[in-house]
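Engineer:
2 protein chains.
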Amino acid sequence: MKLRIYNAKILTPDGIIDGELRTDGDRICYLSPVSTLDWQDWDREIDLKGNLLVPSFKNAHTHSPMTFLRSRAEDMLLKDWLYKQVFPAEGKLTDEDCYLFTRLAVAEYYSGGTTFACEMYGHTEAVAAAFADTGFGAYIGSGIFDFDGGYDEITKRAEELKAAIDKLPRVKYALAMHAQYTCGDETIRAVCDLSKKYSLPVMTHLSETKDEVESCKAQYGMSPVKLLAEKGVFDLGGTGFHCVHLDDEDIRIMKKLGVGAVTCPCSNLKLASGIAPLKKLNDAGIVLGVGTDGAASNNALDMFRETYLATCLQKYLLDDAVAVKATDIYASAVSGAAFGLEKADGLYIGALADMAVIDLSAPNMQPLTDVRSNLVYAGGKQNVVMTIAGGRVVYENGELLYGEDYGALLEKCNAAAERIKNEL
Amino acid sequence: MKLRIYNAKILTPDGIIDGELRTDGDRICYLSPVSTLDWQDWDREIDLKGNLLVPSFKNAHTHSPMTFLRSRAEDMLLKDWLYKQVFPAEGKLTDEDCYLFTRLAVAEYYSGGTTFACEMYGHTEAVAAAFADTGFGAYIGSGIFDFDGGYDEITKRAEELKAAIDKLPRVKYALAMHAQYTCGDETIRAVCDLSKKYSLPVMTHLSETKDEVESCKAQYGMSPVKLLAEKGVFDLGGTGFHCVHLDDEDIRIMKKLGVGAVTCPCSNLKLASGIAPLKKLNDAGIVLGVGTDGAASNNALDMFRETYLATCLQKYLLDDAVAVKATDIYASAVSGAAFGLEKADGLYIGALADMAVIDLSAPNMQPLTDVRSNLVYAGGKQNVVMTIAGGRVVYENGELLYGEDYGALLEKCNAAAERIKNEL
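Given below as structure tokens:
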């Protein structure tokens, strides 16, 4: 597929230029204020009429099938929510359920300008298949933990998964370990060996809640970051999800080992986990990402909301309206670098053709004093009029364009949600 | 105008019913699961196809013309922002500018399901005219302060404004005093006398920042709430905007005097003002409202974002995922009771026909496990497919339906924003 997108305002790493962008396959192959005529065999021409072309959001932490739990149990204490609602319901999930609810998540991602995610969930082949079948990009891990069995079982399962997922288009196996508090020594050893064998950095939930950090310190005399670092989990760098409760030593360790930090502000607020120290992380030079976490604890998969909130919460936390710049957080939200994605962090020649079109005529985008600030501080999903994933137009003016029978999908999803409720 | 809206899920005070709602003029005149055929002279029939009809949002605190400052100056310290950007730019505003930028705000309100606001700004006749010309409902005050002059000038101006505004449809003069820290004794005396003479409760910015409260205590030995109460400002009840820094005595005084509290969570975060004690206020039985504040400090006029944030910030603040219920905050966001609006707090016979239609098939509204939780925790402007203000369909599928030449409006707004920038 070759696209010619013209009459566009293009958000490039060097600012906004008025011009034209072309794609060849899944890459951007031309970007210029000038329209040359040397290349005319495009499959589709798109006149943006002065609207804004931006890099798509890269959701750096999510559990996509958890759309099945959206609004399932609200305003509950974390423990009740987890043990009385989430875990029992998850026990009833089938591969087919996960496939369906991941497709539902993809519809939500695309309608909000997100085309790539760092995913962690069970039924992992089914989730990967849903991404592959919808053209969505993802790094996918199962979230290895002690319940997966011993060293050999964990290794075998990871290798099977890797082989199955790496065959699929736009998705890649990621070595995701659930968390320090669910992984004993044997599990961690298996993960570290897999990491070395396949040159895969390790991703993990990291210091999400105060309890988690305090328990770890009580048991091991050190923080989860330090403990995992000492055990070699971060020998190849890696990614920490949440990173709410970090001390200065944690941040030094993460910087030294090249561990990226992903913030999930909506989930952290809703579950009363806290606010991640983004300014400190940013000042320390740690690569940041922004994620939604699962729909069960958010409840939307909306990267506009996350980006806005990540920025504003930091101002509140530090009592400093200058704490972090909206444009810095936005850059993190579109890059995917925190989970290892390359050449996706902006619109330039050779970068992934993962993009969204923003309707600048919408009232919340006006006046056009500062388009980038409008995007972060006032922007929302309603402003996305087109989403392009890997060079394919997958969403346009409210329609999903990859053959999704959306009505049938909703029926199946609601039937599955109802069945799971009744089985409990 | 008479509307028949059928095949609807209707959010009533008693829960969601499948049925039909009819309007006559600006009121709801029929609401039932049953479609009777005794009344058929509707001007328009609307088949909602199972979508959700909800009360519209009532934005309980805003400065609509401030859309002209959207993204004008970001990530700045409050003092620099106010004195170097906001005040000088506001000095260049004309009545015509305020009229235009209020129309822009109305486009934003309508596209997000908001049909009513409690407004405070200068150039007040122009703002009122913009509301009246677009069918938007509002309580409008100028924000009286010492710069308005002495007792006689303030009184004369307020009476002129009241006479001019109360003639217009769907808008009403509100007695709005800017704030304790901008109003000396003479101003406050004029406001109190106006309040008694016209039976108008007083609205005011109240305890928004820590500095404001501390300065008041240093100067008068008491909090702004107590000081204004002692001076008689709240003798007829009234409304406090922001209410971030309140102590228990303040809350007791507000309850005793019947002062409503309006929260503006986005603005309070962005300007690092803090988080209002909504749970305490709610538990004390104080009537709550939700507002956006002006676009300069938000930067969107999006009541979904405010409602979501008001709920989740309270969970964070109190380290308690149960702190306030989403449905309680949502009820406050649609009622307008905190600024004295009556019969607008829900869909029932006799209530104002101010409503919005939510597309339940959108991915973030699925599955349909709990529609009300979806609305608050996952909902957004993208889900609003129709807005009805005072019985008129004013917005439908992205189009404004009150004769707005939207392209021309944007051109004029951008020209005005540019002119103001150049004049500084």
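Chains A and B supply the protein sequences, listed in that same order. Each residue of the first sequence is one higher than the last, beginning at 1 in this note's numbering. Each residue of the second sequence is one higher than the last, beginning at 1001 in this note's numbering. By construction, the Cβ of each residue, glycine as well, lies at the ideal position given by its N, Cα and C atoms. What you are looking at is a predicted structure, and each value in this text was computed from that prediction instead of being measured.
Could you pull the DSSP bridge partners for A/His242 from this structure?
Structural biologist: The residue labelled residue 242 of chain A in the question sits at position 242 within the first sequence. According to DSSP, which records beta bridges pairwise, A/His242 is partnered with A/Leu206.
Engineer: So which of B/Tyr1030, B/Asp1095, B/Val1086 and B/Ala1176 has the shortest CA-CA distance to B/Ile1005?
Structural biologist: Locating residue 1005 of chain B in the second sequence gives position 5, where the first residue counts as 1. Checked all of B/Tyr1030, B/Asp1095, B/Val1086 and B/Ala1176; the closest Cα to B/Ile1005 is B/Tyr1030.
Engineer: Are any of the Cβ atoms in chain A nearer than 9 Å to that of B/Asp1405?
Structural biologist: Sequence index remark: in the second sequence, residue 1405 of chain B carries index 405 (1-based). Chain A, which has no Cβ nearer than 9 Å to the Cβ of B/Asp1405, makes this no.
Engineer: Go to A/Ile28, then tell me how far its beta strand (DSSP E) extends in each direction, as first and last residue.
Structural biologist: Here residue 28 of chain A refers to the residue found at position 28 when the first sequence is read from its first residue. Per DSSP, A/Ile28 belongs to the beta strand (DSSP E) from Arg27 to Ser32.
Engineer: B/Tyr1121 versus chain A: which residues are under 8 Å apart at the beta carbon?
Structural biologist: As a first step, residue 1121 of chain B is located in the second sequence; it is residue number 121 there, counting from the start. Those within 8 Å of B/Tyr1121 in chain A number zero; the least Cβ separation is about 17 Å.
Engineer: List the DSSP bridge partners of B/Tyr1198.
Structural biologist: For the purposes of this step, residue 1198 of chain B is identified with residue 198 of the second sequence, where counting begins at 1. BP columns for B/Tyr1198 are empty, so no partner.
Engineer: Give a single yes or no on whether A/Leu175 has its beta carbon closer than 8 Å to a heavy atom of the ligand COA.
Structural biologist: Inclusion of the ligand COA in the displayed structure is not the case, the ligand content being empty and no account of it being possible.
Engineer: Under 9 Å between the Cβ atoms of B/Lys1058 and B/Thr1115?
Structural biologist: Within the second sequence, numbered from 1, the residue matching residue 1058 of chain B stands at position 58. Within the second sequence, numbered from 1, the residue matching residue 1115 of chain B stands at position 115. Contact: yes.
Engineer: Would you list the residues sitting across from A/Met222 in a DSSP beta bridge?
Structural biologist: Stepping through the first sequence from its first residue, residue 222 of chain A is reached at position 222. In DSSP, A/Met222 forms no bridge with anything.
Engineer: Taking 9 Å as the threshold (beta carbon to beta carbon), is B/Ile1275 in contact with chain A?
Structural biologist: Within the second sequence, residue 1275 of chain B is the residue found at index 275, counting from 1. For B/Ile1275, the answer is yes, since a Cβ of chain A falls inside 9 Å of its Cβ.
Engineer: Shorter than 9 Å from the beta carbon of B/Trp1081 to some beta carbon of chain A?
Structural biologist: Translated into the one-based positions of the second sequence, residue 1081 of chain B becomes position 81. By this cut-off, B/Trp1081 is an interface position.
Engineer: Can we say the region 297-304 of chain A touches the region 346-355 of chain A, given the rule of at least three CB pairs closer than 8 Å?
Structural biologist: Short answer: they don't touch.
Engineer: DSSP three-state call for B/Leu1360: helix, strand or coil?
Structural biologist: For the purposes of this step, residue 1360 of chain B is identified with residue 360 of the second sequence, where counting begins at 1. B/Leu1360 falls in the coil class under three-state DSSP.
Engineer: Count Cβ pairs between the region 1236-1255 of chain B and the region 1272-1287 of chain B that sit closer than 8 Å; are there 3 or more?
Structural biologist: Touching, yes, given that three or more Cβ pairs across the two stretches are closer than 8 Å.
Engineer: Cutting at 6 Å between CB atoms, please list the residues of its own chain near A/Glu208, excluding the five before and the five after it.
Structural biologist: Taking the first sequence and counting its residues from 1, one reaches residue 208 of chain A at position 208. Hits under 6 Å: His242, Val244 and Ser273.
Engineer: For my contact list, A/Ala174 and A/Tyr139 are in at a C-beta cut-off of 8 Å; report their separation, rounded to the angstrom.
Structural biologist: By one-based count along the first sequence, residue 174 of chain A stands at place 174. By one-based count along the first sequence, residue 139 of chain A stands at place 139. Rounded, the Cβ-Cβ distance is 4 Å, consistent with contact.
Engineer: Would you list the residues sitting across from B/Pro1055 in a DSSP beta bridge?
Structural biologist: Here the question's residue 1055 of chain B lines up with position 55 in the second sequence. Answer is B/Met1355.
Engineer: Using 9 Å as the limit for Cβ to Cβ distance, is B/Cys1243 near chain A?
Structural biologist: Counting from 1 along the second sequence, the entry for residue 1243 of chain B is found at position 243. Closer than 9 Å: no.
Engineer: Tell me the residue span of the beta strand (DSSP E) that contains B/Ala1089.
Structural biologist: Here the question's residue 1089 of chain B lines up with position 89 in the second sequence. Note, B/Ala1089: premise wrong, no beta strand (DSSP E); alpha helix (DSSP H) at Phe1087 to Glu1090.
Engineer: Interface residues of chain B around A/Thr369 at Cβ under 7 Å?
Structural biologist: For the purposes of this step, residue 369 of chain A is taken as the residue at position 369 of the first sequence. Under the 7 Å cutoff, chain B gives Arg1070, Ser1071, Arg1072 and Ala1417.
Engineer: Would you list, in sequence order, the uninterrupted beta strand (DSSP E) runs of no fewer than 3 residues that lie entirely inside the region 1340-1421 of chain B?
Structural biologist: You should have 1355-1358, 1384-1389 and 1392-1396.
Engineer: Under 8 Å, with one C-beta from each stretch per pair, do the region 1041-1061 of chain B and the region 1071-1086 of chain B reach the 3-pair mark?
Structural biologist: The region 1041-1061 of chain B is not in contact with the region 1071-1086 of chain B.
Engineer: Among the candidates A/Arg419, A/Gln382, A/Tyr402 and A/Ala378, whose CA atom is the shortest distance from the CA of B/Leu1069?
Structural biologist: As a working note, residue 1069 of chain B is residue 69 in the second sequence. Per the Cα distances, A/Ala378.
Engineer: How about B/Gln1085: is its C-beta nearer than 9 Å to some C-beta of chain A?
Structural biologist: Residue numbering aside, residue 1085 of chain B sits at position 85 when the second sequence is read from its first letter. Closer than 9 Å: no.
Engineer: So B/Glu1160 is in the beta strand (DSSP E); what residue range does that whole segment cover?
Structural biologist: Numbered from 1 along the second sequence, position 160 holds the residue referred to as residue 1160 of chain B. First-last for B/Glu1160: Tyr1151 to Asp1166, but that is the alpha helix (DSSP H), not the beta strand (DSSP E).
Engineer: CB A/Val384 to CB A/Asp359, shorter than 9 Å?
Structural biologist: As a working mapping, residue 384 of chain A is identified with position 384 in the first sequence. As a working mapping, residue 359 of chain A is identified with position 359 in the first sequence. Contact: yes.
Engineer: Measuring CB atoms only, is the region 359-375 of chain A touching the region 311-323 of chain A, in the sense that at least three cross pairs come out at less than 8 Å?
Structural biologist: Touching, no.
Engineer: How many Å lie between B/Met1254 and A/Ala129 at the Cα?
Structural biologist: Residue mapping note: residue 1254 of chain B aligns to position 254 of the second sequence, counting from 1. Residue mapping note: residue 129 of chain A aligns to position 129 of the first sequence, counting from 1. Cα-Cα distance, rounded: 57 Å.
Engineer: Between which two residues does the beta strand (DSSP E) harbouring A/Phe116 extend?
Structural biologist: Your numbering for residue 116 of chain A matches position 116 in the first sequence. Looking at the DSSP string, the run of the beta strand (DSSP E) that includes A/Phe116 is Thr114 to Met120.
Engineer: Can you give me the C-alpha to C-alpha distance between B/Asp1026 and B/Tyr1109, rounded to a whole angstrom?
Structural biologist: Here the question's residue 1026 of chain B lines up with position 26 in the second sequence. Here the question's residue 1109 of chain B lines up with position 109 in the second sequence. If you take the alpha carbons of B/Asp1026 and B/Tyr1109, they lie about 18 Å apart.
Engineer: According to DSSP, B/Met1001 sits in a beta bridge with which residue or residues?
Structural biologist: Counting from one through the second sequence, the residue named residue 1001 of chain B turns up at place 1. DSSP output for B/Met1001 lists no bridge partner at all.
Engineer: Use the C-beta contact count for A/Gly137: other C-beta atoms within 10 angstroms, 16 or more gives buried, fewer gives exposed.
Structural biologist: As a first step, residue 137 of chain A must be located in the first sequence, where it is residue number 137. Buried, because 16 or more other Cβ atoms sit within 10 Å of the Cβ of A/Gly137.
Engineer: For the candidate residues B/Phe1234, B/Asp1405, B/Ala1417 and B/Ala1331, whose alpha-carbon lies nearest to that of B/Glu1014?
Structural biologist: Start at 1 with the first residue of the second sequence, and residue 1014 of chain B comes out as number 14. The sequence shown places Asp at residue 1014 of chain B, rather than the Glu named in the question. Nearest option by C-alpha distance: B/Ala1331.
Engineer: Would you tell me roughly how many angstroms separate the C-alpha atoms of B/Ser1373 and A/Glu411, rounded to the nearest one?
Structural biologist: Within the second sequence, numbered from 1, the residue matching residue 1373 of chain B stands at position 373. Within the first sequence, numbered from 1, the residue matching residue 411 of chain A stands at position 411. About 20 Å.
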